[in-house]
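Numbering (my numbering), first residue to last: 103 to 325.
Read the structure below first, then the notes.
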Amino acid sequence: MRVLMVSKACIVGSYQKKLEELAAFPDIDLTVVVPPLWKDERGALHLEQVYTDGYHFVVSPLAFNGHFHLHFFPALPKLMRALRPDILHIDEEPYNLSTWLAVRAACSVGARSVFFTWQNLVRRYPPPFSWMEQNVLASVAYGIAGNQEAIQVWRSKGYRGKMAVIPQFGVDPDLYPFRSPRRLDGAPLVIGYAGRLVEEKGVDLLLRAAAQLDGDWTVRILG
(Lines of atoms letter the chains of each structure in order from A; the text may use other names.)
(Lines give C-alpha, C1' and ligand atoms only; values in the text may rest on other atoms or scores of the structure.)
Protein backbone atom coordinates (compact mmCIF):
# COMPACT_ATOMS: atom_id res chain seq x y z
CA MET A 103 0.00 0.00 0.00
CA ARG A 104 1.46 3.32 -1.07
CA VAL A 105 1.01 6.10 1.51
CA LEU A 106 1.87 9.75 0.92
CA MET A 107 2.08 11.88 4.06
CA VAL A 108 2.29 15.68 3.85
CA SER A 109 3.44 17.35 7.05
CA LYS A 110 5.20 20.58 7.94
CA ALA A 111 5.41 19.35 11.55
CA CYS A 112 7.74 16.53 10.51
CA ILE A 113 10.60 18.94 9.92
CA VAL A 114 11.30 18.35 13.64
CA GLY A 115 13.77 15.49 13.93
CA SER A 116 12.25 13.79 16.96
CA TYR A 117 8.85 13.68 15.26
CA GLN A 118 10.30 11.57 12.44
CA LYS A 119 10.62 8.54 14.72
CA LYS A 120 6.91 7.93 14.14
CA LEU A 121 7.58 7.78 10.39
CA GLU A 122 10.20 5.06 10.80
CA GLU A 123 7.77 3.05 12.92
CA LEU A 124 5.04 3.36 10.27
CA ALA A 125 7.44 2.46 7.48
CA ALA A 126 8.49 -0.70 9.35
CA PHE A 127 5.17 -2.35 8.48
CA PRO A 128 5.92 -4.69 5.55
CA ASP A 129 2.84 -3.68 3.57
CA ILE A 130 3.53 0.08 3.76
CA ASP A 131 5.45 2.02 1.10
CA LEU A 132 5.71 5.43 2.76
CA THR A 133 6.67 8.77 1.22
CA VAL A 134 6.74 11.90 3.40
CA VAL A 135 6.72 15.46 2.04
CA VAL A 136 8.10 18.25 4.23
CA PRO A 137 9.19 21.85 3.61
CA PRO A 138 12.81 22.97 4.07
CA LEU A 139 11.64 25.28 6.85
CA TRP A 140 8.54 26.70 8.52
CA LYS A 141 8.15 30.30 9.65
CA ASP A 142 6.11 31.33 12.69
CA GLU A 143 6.16 33.90 15.47
CA ARG A 144 9.36 32.34 16.85
CA GLY A 145 11.22 32.77 13.57
CA ALA A 146 12.28 30.12 11.04
CA LEU A 147 12.29 26.48 12.11
CA HIS A 148 14.63 24.61 9.78
CA LEU A 149 14.39 21.00 8.67
CA GLU A 150 16.17 18.35 10.72
CA GLN A 151 16.80 14.93 9.19
CA VAL A 152 17.21 12.51 12.10
CA TYR A 153 14.96 9.45 11.64
CA THR A 154 14.73 8.88 7.89
CA ASP A 155 15.32 5.14 7.43
CA GLY A 156 12.85 2.91 5.65
CA TYR A 157 10.81 5.52 3.79
CA HIS A 158 11.13 8.18 1.08
CA PHE A 159 11.80 11.70 2.33
CA VAL A 160 10.88 14.52 -0.08
CA VAL A 161 11.74 18.15 0.65
CA SER A 162 9.51 20.57 -1.25
CA PRO A 163 9.12 24.36 -0.90
CA LEU A 164 5.95 25.94 0.45
CA ALA A 165 4.00 28.82 -1.01
CA PHE A 166 2.91 31.43 1.57
CA ASN A 167 5.25 29.93 4.17
CA GLY A 168 4.31 31.09 7.65
CA HIS A 169 0.63 31.63 6.86
CA PHE A 170 -1.24 28.91 8.73
CA HIS A 171 -4.43 29.05 6.65
CA LEU A 172 -2.90 29.82 3.24
CA HIS A 173 0.34 27.84 2.83
CA PHE A 174 0.49 24.92 0.40
CA PHE A 175 2.92 22.76 -1.59
CA PRO A 176 2.85 23.85 -5.27
CA ALA A 177 4.61 20.64 -6.40
CA LEU A 178 2.18 18.28 -4.66
CA PRO A 179 -0.18 17.58 -7.63
CA LYS A 180 2.79 16.60 -9.82
CA LEU A 181 4.19 14.38 -7.08
CA MET A 182 0.77 12.81 -6.59
CA ARG A 183 0.55 11.91 -10.27
CA ALA A 184 4.03 10.40 -10.18
CA LEU A 185 3.52 8.33 -7.01
CA ARG A 186 -0.20 7.53 -7.41
CA PRO A 187 -0.62 6.73 -3.70
CA ASP A 188 -3.44 4.65 -2.28
CA ILE A 189 -3.70 6.92 0.76
CA LEU A 190 -2.93 10.61 1.29
CA HIS A 191 -2.36 11.68 4.90
CA ILE A 192 -2.51 15.47 5.07
CA ASP A 193 -1.30 16.66 8.45
CA GLU A 194 -3.49 19.78 8.50
CA GLU A 195 -6.87 21.07 9.65
CA PRO A 196 -9.80 20.61 7.20
CA TYR A 197 -10.36 24.35 6.73
CA ASN A 198 -6.85 25.17 5.46
CA LEU A 199 -6.02 25.81 1.82
CA SER A 200 -3.25 23.20 1.90
CA THR A 201 -5.74 20.51 2.96
CA TRP A 202 -8.27 21.40 0.29
CA LEU A 203 -5.68 21.43 -2.49
CA ALA A 204 -4.12 18.17 -1.31
CA VAL A 205 -7.47 16.39 -1.11
CA ARG A 206 -8.37 17.63 -4.61
CA ALA A 207 -5.07 16.27 -5.92
CA ALA A 208 -5.70 12.96 -4.15
CA CYS A 209 -9.17 12.63 -5.66
CA SER A 210 -7.73 13.25 -9.13
CA VAL A 211 -5.58 10.08 -8.86
CA GLY A 212 -8.12 7.97 -6.97
CA ALA A 213 -6.38 8.14 -3.58
CA ARG A 214 -8.29 8.11 -0.29
CA SER A 215 -7.53 11.00 2.06
CA VAL A 216 -6.98 11.34 5.81
CA PHE A 217 -6.80 14.64 7.70
CA PHE A 218 -5.51 15.48 11.19
CA THR A 219 -7.10 17.94 13.62
CA TRP A 220 -6.49 19.51 17.01
CA GLN A 221 -9.52 21.82 16.68
CA ASN A 222 -11.45 21.45 19.96
CA LEU A 223 -13.55 24.63 19.66
CA VAL A 224 -16.49 25.10 17.31
CA ARG A 225 -15.41 27.95 15.07
CA ARG A 226 -17.19 29.29 12.02
CA TYR A 227 -14.98 30.55 9.22
CA PRO A 228 -15.90 32.97 6.43
CA PRO A 229 -15.79 31.98 2.77
CA PRO A 230 -13.73 30.65 1.12
CA PHE A 231 -12.48 28.74 4.17
CA SER A 232 -15.95 27.51 5.12
CA TRP A 233 -16.44 26.24 1.54
CA MET A 234 -13.08 24.45 1.58
CA GLU A 235 -13.88 22.95 4.99
CA GLN A 236 -17.19 21.48 3.83
CA ASN A 237 -15.66 20.18 0.60
CA VAL A 238 -12.86 18.46 2.52
CA LEU A 239 -15.30 16.90 4.99
CA ALA A 240 -17.37 15.56 2.09
CA SER A 241 -14.33 14.11 0.31
CA VAL A 242 -12.07 12.49 2.92
CA ALA A 243 -12.23 8.86 4.03
CA TYR A 244 -10.98 9.29 7.60
CA GLY A 245 -10.15 11.86 10.25
CA ILE A 246 -7.55 11.61 13.01
CA ALA A 247 -8.06 13.80 16.07
CA GLY A 248 -5.63 14.74 18.80
CA ASN A 249 -8.40 14.72 21.43
CA GLN A 250 -11.98 13.57 21.94
CA GLU A 251 -13.32 17.13 21.87
CA ALA A 252 -12.06 17.53 18.30
CA ILE A 253 -14.21 14.61 17.18
CA GLN A 254 -17.24 16.29 18.72
CA VAL A 255 -16.42 19.53 16.87
CA TRP A 256 -16.36 17.86 13.46
CA ARG A 257 -19.46 15.81 14.18
CA SER A 258 -21.24 19.08 14.97
CA LYS A 259 -20.09 20.42 11.60
CA GLY A 260 -21.63 17.49 9.76
CA TYR A 261 -18.73 15.09 9.25
CA ARG A 262 -20.07 11.53 9.40
CA GLY A 263 -16.97 9.64 8.29
CA LYS A 264 -14.75 7.53 10.49
CA MET A 265 -12.57 9.21 13.12
CA ALA A 266 -10.19 8.10 15.85
CA VAL A 267 -8.29 9.83 18.65
CA ILE A 268 -4.57 9.33 18.04
CA PRO A 269 -2.23 11.93 19.57
CA GLN A 270 -0.08 13.24 16.76
CA PHE A 271 3.41 12.12 17.78
CA GLY A 272 3.27 10.81 21.34
CA VAL A 273 6.37 10.23 23.45
CA ASP A 274 9.31 8.01 22.55
CA PRO A 275 9.68 5.60 25.52
CA ASP A 276 13.33 5.00 24.62
CA LEU A 277 14.08 8.68 25.21
CA TYR A 278 11.61 9.24 28.04
CA PRO A 279 11.14 6.00 30.01
CA PHE A 280 8.26 5.88 32.47
CA ARG A 281 9.15 6.43 36.11
CA SER A 282 6.74 5.86 38.96
CA PRO A 283 6.04 9.00 41.00
CA ARG A 284 8.19 9.17 44.11
CA ARG A 285 6.67 11.75 46.35
CA LEU A 286 7.94 11.50 49.90
CA ASP A 287 5.54 11.88 52.80
CA GLY A 288 5.26 15.53 53.66
CA ALA A 289 6.92 16.69 50.44
CA PRO A 290 5.20 19.60 48.66
CA LEU A 291 2.91 18.98 45.71
CA VAL A 292 4.74 19.58 42.41
CA ILE A 293 2.73 20.93 39.47
CA GLY A 294 4.50 20.89 36.11
CA TYR A 295 4.01 22.63 32.77
CA ALA A 296 6.06 21.92 29.64
CA GLY A 297 5.26 23.82 26.47
CA ARG A 298 5.32 27.16 24.72
CA LEU A 299 5.18 30.26 26.90
CA VAL A 300 2.51 32.07 24.92
CA GLU A 301 -0.78 33.60 26.03
CA GLU A 302 -3.04 30.99 24.44
CA LYS A 303 -1.51 28.19 26.54
CA GLY A 304 -3.03 29.65 29.70
CA VAL A 305 0.00 29.43 31.98
CA ASP A 306 -1.32 32.48 33.82
CA LEU A 307 -4.51 30.54 34.62
CA LEU A 308 -2.41 27.71 36.03
CA LEU A 309 -0.57 30.12 38.32
CA ARG A 310 -3.79 31.77 39.49
CA ALA A 311 -5.35 28.38 40.19
CA ALA A 312 -2.27 27.22 42.08
CA ALA A 313 -2.37 30.35 44.21
CA GLN A 314 -5.73 29.19 45.58
CA LEU A 315 -4.38 25.84 46.79
CA ASP A 316 -3.90 25.10 50.46
CA GLY A 317 -0.70 23.61 51.83
CA ASP A 318 2.76 23.45 50.31
CA TRP A 319 3.12 23.32 46.55
CA THR A 320 5.58 24.13 43.79
CA VAL A 321 4.95 25.01 40.16
CA ARG A 322 7.70 24.10 37.69
CA ILE A 323 7.49 25.65 34.24
CA LEU A 324 9.61 24.53 31.29
CA GLY A 325 9.18 26.37 28.03
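For each residue, glycine too, the CB sits at the ideal point set by N, CA and C.
No experiment lies behind these values; they were computed from the predicted model shown.
Range covered by the beta strand (DSSP E) that runs through residue i
i: residue 215; result: 214-219
i: residue 313; result: Residue 313 -> no beta strand (DSSP E), and no H or E assigned at all.
i: residue 133; result: 131-136
i: residue 121; result: Residue 121 -> not in any beta strand (DSSP E); alpha helix (DSSP H) instead, spanning 119-125.
i: residue 177; result: Unbroken run through residue 177: none, as it is neither H nor E.
i: residue 148; result: 145-148
i: residue 159; result: 158-161
i: residue 188; result: It is not in any beta strand (DSSP E) - residue 188 carries neither H nor E in the DSSP assignment.
i: residue 104; result: 104-108
i: residue 141; result: 139-142
Whether residue i touches residue j by CB criterion (8 Å)
i: residue 133; j: residue 158; result: yes
i: residue 235; j: residue 218; result: no
i: residue 152; j: residue 116; result: yes
i: residue 163; j: residue 138; result: yes
i: residue 319; j: residue 291; result: yes
i: residue 192; j: residue 215; result: yes
i: residue 201; j: residue 224; result: no
i: residue 205; j: residue 241; result: yes
i: residue 227; j: residue 197; result: yes
i: residue 295; j: residue 324; result: yes
i: residue 271; j: residue 120; result: yes
Cβ-based neighbour list, residue i, same chain, cut-off 7 Å, excluding 5 preceding and 5 following
i: residue 303; result: 297
i: residue 142; result: 168
i: residue 207; result: 178, 179, 182
i: residue 156; result: 122, 125, 126
i: residue 118; result: 112, 152, 153, 154
i: residue 129; result: 103
Spatial neighbours of residue i in its chain, beta-carbon cut-off 6 Å, leaving aside the 5 residues before and after
i: residue 135; result: 108, 160, 162
i: residue 301; result: none
i: residue 251; result: 222
i: residue 264; result: 244
i: residue 203; result: 174
i: residue 259; result: none
i: residue 165; result: 174, 176
For residue i, the first and last residue of its enclosing alpha helix (DSSP H)
i: residue 204; result: 199-210
Neighbourhood of residue i by C-beta distance below 8 Å, restricted to the same chain and skipping five residues each side
i: residue 147; result: 113, 114, 139, 140, 141
i: residue 188; result: 103, 104, 105, 213, 214
i: residue 293; result: 308, 312, 319, 320, 321, 322
Unbroken stretches of the alpha helix (DSSP H), 4 residues or longer, contained in the segment 227-296: 231-241, 250-258
Would you call the segment 211-231 and the segment 242-256 in contact, with 3 or more CB pairs under 8 Å? yes
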